[in-house]
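Residue numbers (full-length UniProt numbering): 1 to 187.
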């Protein structure tokens with residue numbers, strides 16, 4: 001009789017322990033299984049022109065950021081000035097407009113400058129699911145071959161850019177330059 005009561009008590013206690021542990025984790029620190037993997041394939045309409053289809057190939061070819069944003073996301077609006085600085089500094093930024101209304105997104109971009117070279121419209125969040133989007137905003141760093149080298153859940157900050165993102169971009173650009181050098185040439 002005591003064993004029948006003890007087993008459910010142990011099971012409930014273990015479950016509560018796991019839940020408490022999970023609540024203590026910072027979701028921004030969750031590792032992404034996609035880091036080190038090629039960017040997931042997608043085919044989506046361009047936000048600006050539904051007649052134009054975009055794929056992951058439109059995000060590949062140079063070291064770039066991919067930003068996931070929506071008009072309903074207040075932290076997306078807060079990080080936008082930093083994205084504008086990066087774009088003015090020559091860093092290509094592609095984007096997913098995620099689970100948003102096309103008209104609202106277009107109005108938002110008409111009222112403000114856009115840091116994005118390419119914006120894929122993902123109203124149902126299908127590509128976001130494949131990319132492992134957890135919350136908006138999210139930012140990825142892609143190398144020139146389209147491999148995800150970094151993922152950030154949540155807004156970018158100036159300190160995060162200085163400490164993590166910009167050094168990684170410079171490293172990846174240096175790797176890209178070395179790979180483009182003719183064989184046998186030394187610097």
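The beta carbon of each residue, even a glycine, is placed where N, CA and C say it ideally should be.
Quick caveat, the model's predicted, so the values are computed rather than measured.
Exercise for the section: Check each candidate in 150, 106, 92, 66 and name the one with the smallest Cα separation from residue 33. Expected result: Comparing Cα-Cα distances from residue 33 to each of 150, 106, 92, 66, the minimum goes to 150.
Check your understanding: residue 164 by DSSP, collapsed to three states: which one?
Key -> Residue 164 falls in the helix class under three-state DSSP.
Task: First and last residue of the uninterrupted beta strand (DSSP E) at residue 118 - done: Counting along the chain, the beta strand (DSSP E) containing residue 118 begins and ends at 118-122.
Checklist entry - From 161, 53, 89, pick the residue whose C-alpha is nearest to that of residue 96; which is it? => result For the options 161, 53, 89, the alpha carbon positioned closest to that of residue 96 is the one of 53.
* Cβ-based neighbour list, residue 158, same chain, cut-off 8 Å, excluding 5 preceding and 5 following -> Result list for residue 158: 82, in chain order.
*So, using beta-carbon positions, are residue 45 and residue 121 closer together than 8 Å?*
Yes; because the gap between Cβ atoms is below 8 Å, this pair is in contact.
**OP:** Look at the alpha carbon of residue 116 and the alpha carbon of residue 37, and state the distance between them as a whole number of angstroms.
**Re:** In a straight line, the C-alpha of residue 116 is about 23 Å away from that of residue 37.
**Prompt:** What's the C-alpha gap between residue 88 and residue 102?
**Reply:** Computed Cα separation, rounded: 25 Å.
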